[in-house]
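Residue numbers (our numbering): 48 to 180. Even for Gly, the Cβ is constructed at its ideal location relative to N, Cα and C. Quantities reported herein were computed from a predicted structural model and do not represent experimental measurements.
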Amino acid sequence: MMKQKNVNKRHLRNDILLIIVLLLVAATGAAYLFLFRGFGDVVKVTVDGELYGVYSLSQDRTEDISTGEDGRQLNRLVIREGKAFIQTATCPDGICAAHRAIFRNGESIVCLPHGVVVTVTTAQTQGEPDVVV
48 MMKQKNVNKR
58 HLRNDILLII
68 VLLLVAATGA
78 AYLFLFRGFG
88 DVVKVTVDGE
98 LYGVYSLSQD
108 RTEDISTGED
118 GRQLNRLVIR
128 EGKAFIQTAT
138 CPDGICAAHR
148 AIFRNGESIV
158 CLPHGVVVTV
168 TTAQTQGEPD
178 VVV
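If you want it as structure tokens, here you go:
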């Protein structure tokens, strides 16, 4: 009976040690991604996978992205002070308009109902293909 308790305590201690190590690795990875991800130069807008436009983050502007058969679906993209955000959207859920402003390389805002994706990237990598076959 005593041997069983020692074995259980050892397993518990090893489990706790494993959880601590995994949490440290995850925290280190998250900190690396957050601290060392560069800032983007441009936002690339695609609608249903097709390029709609590329806009500089260094120039303040407002761009209305009209989609749908008759152009009634609207996402208003605002670029201000080096950050991009969706100000208003006519989609039913409005999740894209509630998203915080993006400015770091690789960040995205997605409006699924309208098929709009706004992604921050750098000007030199903007034209490179995503996949090379």
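Compute the distance between the beta-carbons of Asn152 and Gly87, then report whether it is under 8 angstroms. Yes, they are a contact pair.
Contacting residues, own chain, Cβ-Cβ under 8 angstroms from Glu154 (five flanking each side not counted): These residues qualify, in order along the chain: Gly87, Thr166, Val167.
Taking 8 angstroms as the threshold (C-beta atoms), are Cys158 and Ile126 in contact? In this structure, Cys158 does not lie closer than 8 angstroms to Ile126 by Cβ.
As a quick exercise: from Thr75, Gly85, Leu65, pick the residue whose alpha carbon is nearest that of Gln169. The sequence shown places Thr at residue 169, rather than the Gln named in the question. Looking at the Cα atoms, Gly85 is the closest of the given residues.
Start and end residues, alpha helix (DSSP H) containing Ile142: Taken as a continuous stretch (DSSP letters only), the alpha helix (DSSP H) holding Ile142 covers 142-145.
So, are the CB atoms of Ala148 and Ala136 less than 8 angstroms apart? Ala136 is positioned such that its CB atom lies no closer than 8 angstroms to that of Ala148.
Tell me whether Val72 is buried or exposed, calling it buried when 16 or more other Cβ atoms sit within 10 Å of its Cβ. Label assigned to Val72: exposed.
Measure the CB-CB distance between Glu110 and Leu121 and report whether it falls below 8 angstroms. Result no, Cβ atoms of Glu110 and Leu121 do not sit closer than 8 angstroms.
Kindly identify the DSSP beta-bridge partner or partners of Ser113. Within the DSSP secondary-structure output, Ser113 pairs in a beta bridge with Leu121.
Applying the 10 Å Cβ sphere with the 16-neighbour rule, what's the burial state of Val180? For Val180, the predicted model reports a pLDDT of 48, less than 50, meaning its position is unreliable; a value from the coordinates is still stated below. So Val180 counts as exposed.
What's the gap between the Cα of Pro160 and the Cα of Arg60? The alpha-carbon of Pro160 is positioned some 49 angstroms away from that of Arg60.
In chain order, what residues of the same chain have a beta carbon less than 7 angstroms from the beta carbon of Thr93, not counting five sequence neighbours either side? These residues qualify, in order along the chain: Tyr99, Val164.
Who are the near neighbours of Gly129 in its chain, counting only those whose CB is closer than 6 angstroms to its CB and skipping five residues on each side? In the same chain as Gly129, and ignoring 5 residues on each side of it, the C-beta atoms closer than 6 angstroms to its own belong to Leu104, Phe150, in chain order.
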